[in-house]
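Residues in the sequence shown are numbered from 8 upward in steps of one, following the working numbering.
Virtual Cβ for every residue (Gly too), placed ideally from N, Cα, C.
Okay, so here's the structure we're looking at.
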Amino acid sequence: MFKMKPKKTITSIVDKFNEIVTKLKQLRKEITKEELIKKLLNTLPKEWKPKVTVIKEAKDLTRITMDEIVGSLLTYEQELKEDEEEENKKLANKRKNLALNINYLKGRLPTNPLMSKKKKSLPYWPRNLRG
Numbered sequence: 008m009f010k011m012k013p014k015k016t017i018t019s020i021v022d023k024f025n026e027i028v029t030k031l032k033q034l035r036k037e038i039t040k041e042e043l044i045k046k047l048l049n050t051l052p053k054e055w056k057p058k059v060t061v062i063k064e065a066k067d068l069t070r071i072t073m074d075e076i077v078g079s080l081l082t083y084e085q086e087l088k089e090d091e092e093e094e095n096k097k098l099a100n101k102r103k104n105l106a107l108n109i110n111y112l113k114g115r116l117p118t119n120p121l122m123s124k125k126k127k128s129l130p131y132w133p134r135n136l137r138g
């Protein structure tokens, strides 16, 4: 069975799908546009199920074109990539914060970042507050 593998793009899947359809046409196997769309949607992985469901329920598969379906899938793919990038940024920030906390707890960071190792005096305003 033809399925979209992880890290593959919609463009690559559509290209492969079109290759298969062309070969079927050469063998004189005719498939309706609705069948083609359903088969393309069925090649998508689980993560795409919400989008597939929306397309199947909201669109008349007998009237929609393959280009409209592909455009919709490309848009969703871009949204998924943006979400993944956002999650990666959040994860990187969490790791950075964790590393800073660990270093602080191990004593690698000074307790007061305004003071250096040579015990320089604090800037003017905090020095006056120490009384």
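Between the region 91-101 and the region 56-69, do three or more beta carbon pairs fall short of 8 Å? no
First and last residue of the alpha helix (DSSP H) that includes residue 26? 17-33
Mapping the DSSP letters down to three states, classify residue 57 as helix, strand or coil. helix
Got a sec? Which residues, its chain only, sit under 8 Å from residue 28 by beta carbon, not counting five neighbours each side? The residues are 38, 43.
Please confirm if the region 9-24 is in contact with the region 74-88, defined as three or more CB-CB distances below 8 Å between the two stretches. yes
With a 10 Å radius around its C-beta and 16 neighbouring C-beta atoms as the bar for buried, classify residue 9 as buried or exposed. exposed
Pick from 36, 13, 67, 68 that is closest to residue 52, judged by C-alpha positions: 13
Would you mind sorting residue 69 into buried or exposed? The rule is 16 or more other CB atoms within 10 Å of its CB. So residue 69 counts as exposed.
Does any CB atom of chain D fall closer than 8 Å to the CB of residue 53? The chain labelled as chain D is not found in the depicted structure, where only one protein chain is given.
For residue 72, does the count of other Cβ atoms within 10 angstroms reach 16, so buried, or fall short, so exposed? exposed
Where does residue 14 fall in DSSP's three states? It is coil, neither helix nor strand.
What are the start and end residues of the alpha helix (DSSP H) that includes residue 148? Residue 148 lies beyond the stretch modelled for the chain, which goes from 8 to 138, so this question has no answer here.
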